[in-house]
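Protein chains in written order, with the working numbering: chain A, 1 to 206; chain B, 1001 to 1206.
Ideal Cβ placement from N, Cα and C applies to all residues, glycine included.
Reading through the structure tokens given below for one structure.
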DNA sequence: GTCTATATTTCGATAGAC
DNA sequence: GTCTATCGAAATATAGAC
């Protein structure tokens, strides 16, 4: 047996499709590009996966899950509010540094077919709405006990998510405007974990 | 003369193309849909505009300009820092409430072809980088004079832009998760102008 | 200028040899 | 399982009548 196990063709194709669909979206993706990326022939794609849509659904499901599951877990945990915010920030910036195209992909495809959100949400077993209930109550309690200033929990959550995710969604624009290469962008985001946490904490602490 | 001047066909087509391209992106847009939206025939699109790409370039240029010009003007103005932030927030939320698809469109197309950013940036006559210089200096002065706490100006700007723009980019997701219809989303954003300004001011005030 | 009809190209999908 | 060859549909683009 060779030390390096050769990847099953099916997985090679999936990896390739993941890259291409995530980069280009469904409409922009070409089966030819997937095949080329996988180093095989177009016909073979159809042998393993019936058609483009079948393929896309697998990819979307994975990306959807990557985008939501981590954050859902943290938001619905019973961590203290500030610690929860800290973990959300760290989790988002860490995973998006590794996979910066995920939010753009998920957002684009949900925008072009919003039913997917409900459909895949229940398929993945988490109710996107329920995530919020927990967080909302926690914020209200924190306000009650003067731990934080009065604030609309929806606005707070939008602020946290926006500041974490948007820099990656707009990464090509930000890199150009701020004259950064890949490395300086990454280290800026690494630094951002702390800066952003401090920023938000200061904004809501009495 | 009739009271209502009938719009020139060229403009009817441009309006239709604006809608379709902005909603679907270049790859997802169909000339057939543009024609239908304009209430005319496919062939006529080619009579007025050579081909799909020519058409797209016009649309992109307009959207690009709408996305950047207002913000560029405010950022490079000589308004006091806090007033500048307030105006950025109000401007972004106002224009994006009217045209919520613009940032998603511009971001998507820049991501799929980053050269466009430089290319159109200089075509439009504003240097995306220079916008930042002014803001950065202003922040440094404000820190120096203890008007605000020490903060990385890039991080501050990212926070302002993210919190304004991301809610519109992710609007389909947010609406679903927060169980909002179009009206409640709009009024939430209207309320957000003040909430967000207060949030940011509190975060940076000593 | 606007339409119908048609050509051309691109792309997804299938058949069949190996 | 993998490839070559080919089909067929969809989408863009052009020709030509009115």
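Residue i CB to nearest chain B CB: under 7 Å?
i: residue 75(A); result: no
i: residue 27(A); result: yes
i: residue 50(A); result: no
i: residue 122(A); result: no
i: residue 137(A); result: no
i: residue 71(A); result: no
i: residue 86(A); result: no
i: residue 181(A); result: no
i: residue 114(A); result: yes
i: residue 195(A); result: yes
i: residue 107(A); result: yes
If you run the structure through DSSP and keep just helix, strand and coil, what is residue i?
i: residue 159(A); result: helix
i: residue 1017(B); result: helix
i: residue 1076(B); result: coil
i: residue 99(A); result: coil
i: residue 1167(B); result: helix
i: residue 8(A); result: coil
i: residue 1030(B); result: coil
i: residue 1121(B); result: helix
i: residue 1129(B); result: coil
i: residue 60(A); result: helix
i: residue 2(A); result: The predicted position of residue 2(A) is uncertain, since its pLDDT is 41 and thus under 50; a value taken from the coordinates is nonetheless stated next. Here residue 2(A) sits in coil by DSSP.
i: residue 147(A); result: coil
i: residue 49(A); result: coil
i: residue 41(A); result: coil
i: residue 1180(B); result: coil
i: residue 1186(B); result: helix
i: residue 114(A); result: coil
i: residue 172(A); result: helix
i: residue 1205(B); result: coil
i: residue 1141(B); result: helix
i: residue 1152(B); result: coil
Counting only beta-carbon separations shorter than 7 Å, does residue i have a partner in chain A?
i: residue 1163(B); result: yes
i: residue 1133(B); result: no
i: residue 1117(B); result: yes
i: residue 1002(B); result: Since pLDDT at residue 1002(B) reaches only 41, below the 50 mark, its modelled position is unreliable, and the value read off the structure follows with that caveat. So no, residue 1002(B) is outside the interface.
i: residue 1064(B); result: no
i: residue 1159(B); result: yes
i: residue 1142(B); result: no
i: residue 1110(B); result: yes
i: residue 1094(B); result: no
i: residue 1177(B); result: yes
i: residue 1202(B); result: yes
i: residue 1166(B); result: yes
i: residue 1155(B); result: yes
i: residue 1170(B); result: yes
i: residue 1079(B); result: no
i: residue 1199(B); result: yes
i: residue 1206(B); result: no
i: residue 1129(B); result: yes
i: residue 1173(B); result: yes
Using the beta-carbon count (16 or more within 10 Å), is residue i buried or exposed?
i: residue 1154(B); result: buried
i: residue 73(A); result: exposed
i: residue 1118(B); result: exposed
i: residue 39(A); result: exposed
i: residue 1140(B); result: exposed
i: residue 1150(B); result: exposed
i: residue 195(A); result: buried
i: residue 1129(B); result: exposed
i: residue 1219(B); result: Any property of residue 1219(B) remains undetermined from this structure, which presents chain B solely from 1001 to 1206.
i: residue 1003(B); result: With a pLDDT of only 49 at residue 1003(B), under 50, the local geometry of the prediction cannot be trusted, and the value read off the model is given with reservation. With fewer than 16 Cβ atoms within 10 Å of its Cβ, residue 1003(B) is classed as exposed.
i: residue 1182(B); result: exposed
i: residue 92(A); result: buried
Taking C-beta to C-beta, are residue i and residue j nearer than 7 Å?
i: residue 1110(B); j: residue 172(A); result: yes
i: residue 1069(B); j: residue 1131(B); result: no
i: residue 1106(B); j: residue 1168(B); result: no
i: residue 1124(B); j: residue 1057(B); result: no
i: residue 1094(B); j: residue 1022(B); result: no
i: residue 1024(B); j: residue 1031(B); result: no
i: residue 35(A); j: residue 45(A); result: yes
i: residue 1007(B); j: residue 1090(B); result: no
i: residue 1048(B); j: residue 1010(B); result: yes
Got a sec: does the ligand MN put a non-hydrogen atom nearer than 6 Å to the Cβ of residue i?
i: residue 1006(B); result: Summarising the ligand content, the structure contains no ligands, and the ligand MN is consequently not present.
Legend entry - Given 8 Å, three or more beta-carbon pairs between the stretch 1141-1160 of chain B and the stretch 1080-1092 of chain B: Yes: at least three Cβ pairs fall under 8 Å.
Legend entry - Contact the stretch 1173-1180 of chain B vs the stretch 134-150 of chain A: 3+ CB pairs below 8 Å: Cβ pair count under 8 Å is below three, so no.
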